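With the working numbering applied, the first sequence has no gaps in its numbers, which climb one by one up to 840 at the end. Every residue, glycine too, gets a C-beta built ideally from N, C-alpha and C. Treat the numbers as computed from the prediction; the structure is a model and nothing was measured. The structure appears right after this line, and notes come after that.
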Amino acid sequence: MVGGLVLSQAQHQVGIAATSPAQAQAAEQAAFRGRDHRAPCASLDEARKAHARHVKLGLDRSPRHARPLLAACALAADWPGSMAYAASIFAALDDPEAFDYNTLMRGYVAGGGGGGRDPAAALRLFVDMVDDGVEPDSYTFPFVFKACAQLGALQEGRQLQGHLVKLGFQRDEHSQNSLISFYGKCGEADLARRAFEQMEDDEQTTASWSALLAAYTRAGRWAECVESFGAMVRAGWRPDESSMVSALSACAHLGAHDVGRSIHCALLRNTARLNTFMSTSLVDMYAKCGCIENAAAVFDAMDDKNAWTYSAMVSGLALHGDGRKALEVFDAMVREGHRPDAAVYVGVLNACSRAGLLEEGLRCFDRMRLEHKLTPNAQHYGCMVDLMARAGRLDDARALIGNMPTGPTDTAWRSLLNACRIHGNLELAERALQELERLGATNAGDYIILSDMHARAHNRDAAAARRTEAVDRGLAQAPGYSAVEVHGATHRFVSQDRSHPRADDIYEMLHQMEWQLRFEGYTPDTSELALDAGEEEKRRVVAAHSQKLAMAFGLLSTPEGAPVRVVTNLRMSKECHAYSALISEIFGREIVVRDRNRFHRFKRGACSCGNYW
DNA sequence: CCTCCTAGAG
Numbered sequence: 228m229v230g231g232l233v234l235s236q237a238q239h240q241v242g243i244a245a246t247s248p249a250q251a252q253a254a255e256q257a258a259f260r261g262r263d264h265r266a267p268c269a270s271l272d273e274a275r276k277a278h279a280r281h282v283k284l285g286l287d288r289s290p291r292h293a294r295p296l297l298a299a300c301a302l303a304a305d306w307p308g309s310m311a312y313a314a315s316i317f318a319a320l321d322d323p324e325a326f327d328y329n330t331l332m333r334g335y336v337a338g339g340g341g342g343g344r345d346p347a348a349a350l351r352l353f354v355d356m357v358d359d360g361v362e363p364d365s366y367t368f369p370f371v372f373k374a375c376a377q378l379g380a381l382q383e384g385r386q387l388q389g390h391l392v393k394l395g396f397q398r399d400e401h402s403q404n405s406l407i408s409f410y411g412k413c414g415e416a417d418l419a420r421r422a423f424e425q426m427e428d429d430e431q432t433t434a435s436w437s438a439l440l441a442a443y444t445r446a447g448r449w450a451e452c453v454e455s456f457g458a459m460v461r462a463g464w465r466p467d468e469s470s471m472v473s474a475l476s477a478c479a480h481l482g483a484h485d486v487g488r489s490i491h492c493a494l495l496r497n498t499a500r501l502n503t504f505m506s507t508s509l510v511d512m513y514a515k516c517g518c519i520e521n522a523a524a525v526f527d528a529m530d531d532k533n534a535w536t537y538s539a540m541v542s543g544l545a546l547h548g549d550g551r552k553a554l555e556v557f558d559a560m561v562r563e564g565h566r567p568d569a570a571v572y573v574g575v576l577n578a579c580s581r582a583g584l585l586e587e588g589l590r591c592f593d594r595m596r597l598e599h600k601l602t603p604n605a606q607h608y609g610c611m612v613d614l615m616a617r618a619g620r621l622d623d624a625r626a627l628i629g630n631m632p633t634g635p636t637d638t639a640w641r642s643l644l645n646a647c648r649i650h651g652n653l654e655l656a657e658r659a660l661q662e663l664e665r666l667g668a669t670n671a672g673d674y675i676i677l678s679d680m681h682a683r684a685h686n687r688d689a690a691a692a693r694r695t696e697a698v699d700r701g702l703a704q705a706p707g708y709s710a711v712e713v714h715g716a717t718h719r720f721v722s723q724d725r726s727h728p729r730a731d732d733i734y735e736m737l738h739q740m741e742w743q744l745r746f747e748g749y750t751p752d753t754s755e756l757a758l759d760a761g762e763e764e765k766r767r768v769v770a771a772h773s774q775k776l777a778m779a780f781g782l783l784s785t786p787e788g789a790p791v792r793v794v795t796n797l798r799m800s801k802e803c804h805a806y807s808a809l810i811s812e813i814f815g816r817e818i819v820v821r822d823r824n825r826f827h828r829f830k831r832g833a834c835s836c837g838n839y840w
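Following this line, the structure appears as structure tokens:
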């Protein structure tokens, strides 16, 4: 759980460095293309001619003379073959200095010449440098760490850290920052944190924090990312764009809507115009936090959308079950000339399966292969299995699993299993479970689905057997919980939970809710509950379901008319769905529930999913 | 003359 206090403090203090991203980006691009006013040539041909003149005059062996040409060739964005030429200019030098090694290494890690990166070549060059007895300078290590990061060479990087200390660069902020970043890219958040903490307070910069936040985000440690973001703000730093992008990404995964929104507010106060990175992160954050309208508003206001932006919007709409709109956005993406990639097709196919758009989904799958020449991967097949199975075409779905070129995956069988639950096909469900067992990929939830299905079919013994089987196999079930965000703090509930300080009020509220619902003619449906107990007991259990506890607390501690946002790791049950829809009507509240797959938004008695999920 | 950081995926 995310500490509520930490977050709410962060919210009020967020500010940002006043920069002009467009200018900075333009300058960076111009410099990289070698079109800087200092650049001695505008093409590889001109560089060759200039170098030939040097050779004639015997100046090609002098680093001072060769340097501008070396840099131009090593850093050109689109001069095919220029990296090899840069290497030959370098090789002709009599006494290359650290600067010259740095330039060539920089070219290798940046993919100079436009021909792709070559981090291994950069590392080899560093080894040469050490062998030749040339002392690295403070610019050297950042390039070498970057090369290690690109190679995922954790061991080499750690050795390099020792080297860095020996040479006395452990107080150099750029070398340290690139060390943090290197650990982050290797997925080693703890080592990144340690490198960060080894820096003195006055050596740390915004870039150090930003590398740390990126390390947490990359490792999937989102709560720690948001916590560190709060710490950064409390320590008086103004987060720069990349820190905010990392923090927003973490908020998106956590569903930490309030923190995400406070970052957006700070941006609106301090920045004239958001760049593509920032806006895309905001689109993703709002969509994953349940505010699809805000996501759409940010998206619509952008005039510099790229493929990532469309992709975030498409998968956001998929998450909310708005398949039609997702397809429209996808069409706009193609119309605007962006080439769809594998990721956006995951979003598109997902949108179709969640919205039950069978024909459209099948068409997209064809279009992906025929028009956009993409080879579907296991994820795409998983979406198609899900699409067909949910729509009731269980046998077709099963046949598709058999035809997967990548071989059947557990997610594909699990999609089928879930669809069997929806459509009540016990026989095929058993088969899917067998296949999951064969893959050695069963989890507790799979056995529970089977157990529930047997219970509904009144096979009491089989139901009990499936339940014990999960335990016998040592499969732990993640405890089900539901959480609600109130004033930036997250309150978490499990079923029948009485541990909250306001438990009495919450249960009183539940009682009120139940009472009102019954007045409207609602009776709790306990048929999904696989519990060997009397009807009264079953009703008691259903009534204190964690989603309802979270909803009750949300209703009672947020102002009249405000939306209630619940996040749960459970699957939305039919009973809870009907219950939430009625509550939204009776209390005049919008209720947004993020379950383990998607969002349900209840408004005036209806859900955005149109009862298809 | 150069360096740190950043977004999407059943």
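Item                                                                                                                            : Value
Check whether residue 790 and residue 819 have beta carbons under 8 Å apart                                                     : yes
Every unbroken alpha helix (DSSP H) inside the segment 679–739 [4 residues or more]                                             : 687–699
Segment limits, alpha helix (DSSP H) that includes residue 636                                                                  : Taken as a continuous stretch (DSSP letters only), residue 636 belongs to no alpha helix (DSSP H), as it is neither H nor E.
Residues near residue 843 in its chain [Cβ-Cβ closer than 6 Å; skip 5 each side]                                                : Given that the chain is displayed from residue 228 to residue 840, the structure contains no residue 843 and the question cannot be resolved.
Residue 746 burial status per 10 Å Cβ neighbour count (16 or more: buried)                                                      : exposed
Reduced DSSP category for residue 532 - H, G, I as helix; E, B as strand; rest coil                                             : coil
Cβ distance (whole Å) where residue 471 is taken to contact residue 512 below 8 Å                                               : Not really, about 10 Å apart at Cβ, beyond 8 Å.
Boundaries of the alpha helix (DSSP H) in which residue 557 is found, first to last residue                                     : 550–562
Where residue 819 falls: helix, strand or coil (DSSP)                                                                           : strand
DSSP state of residue 433 mapped onto helix, strand, coil                                                                       : helix
CB-CB length for residue 301 against residue 339, believed under 8 Å                                                            : 5 Å
Residue 215, DSSP secondary structure in three states                                                                           : Outside the shown range of the chain (228 to 840) lies residue 215, about which nothing can therefore be said.
Beta-carbon gap between residue 440 and residue 423 smaller than 8 Å                                                            : no
Rounded straight-line distance, which links the Cα of residue 712 to that of residue 483                                        : 8 Å
Own chain residues within Cβ distance below 6 Å of residue 529, not counting five before or after                               : 506
Short Cβ contact (8 Å threshold) for residue 370 with residue 333                                                               : yes
Through-space distance from residue 323 to residue 360, alpha-carbon basis                                                      : 11 Å
DSSP three-state assignment for residue 836, whether helix, strand or coil                                                      : coil
Runs of alpha helix (DSSP H) lying entirely within the segment 391–469, each at least 4 residues, in chain order                : 400–412, 416–425, 433–445 and 449–461
Beta strand (DSSP E) segment containing residue 581, residue limits                                                             : Careful: residue 581 lies outside any beta strand (DSSP E), inside the alpha helix (DSSP H) at 569–582.
Distance, residue 736 Cα to residue 656 Cα                                                                                      : 39 Å
Validate contact between the segment 427–435 and the segment 399–416 using beta carbons, cut 8 Å, 3 pairs                       : yes
C-alpha distance - residue 628 paired with residue 634, whole-angstrom precision                                                : 8 Å
Top-ranked residue by Cα proximity to residue 518, from 477, 488, 499 and 630                                                   : 488
Nearest to residue 316 (by Cα), restricted to the options 347, 336 and 281                                                      : 281
Residue ranges of each alpha helix (DSSP H) within the segment 792–816, 4 or longer                                             : 801–813
Beta-carbon proximity check, residue 573 vs residue 610, cutoff 8 Å                                                             : yes
Proximity winner among 644, 382, 560 and 776, relative to residue 526 (alpha-carbon distances)                                  : 560
For residue 567 and residue 709, the rounded distance between their alpha carbons                                               : 36 Å
Residue 492 classed as buried or exposed, judged by whether at least 16 other C-beta atoms fall within 10 angstroms             : exposed
Of the residues 427, 685 and 442, the one placed nearest residue 413, counting alpha carbons only                               : 442
Candidates 781, 752 and 783: closest to residue 769 by CA position                                                              : 752
Whether residue 538 touches residue 570 by CB criterion (8 Å)                                                                   : yes
Coarse secondary structure for residue 831, derived from DSSP in three states                                                   : coil
Cut-off 7 Å between Cβ atoms - residues of its own chain near residue 420, not counting five sequence neighbours on either side : 439
Span of the alpha helix (DSSP H) around residue 507                                                                             : 503–515
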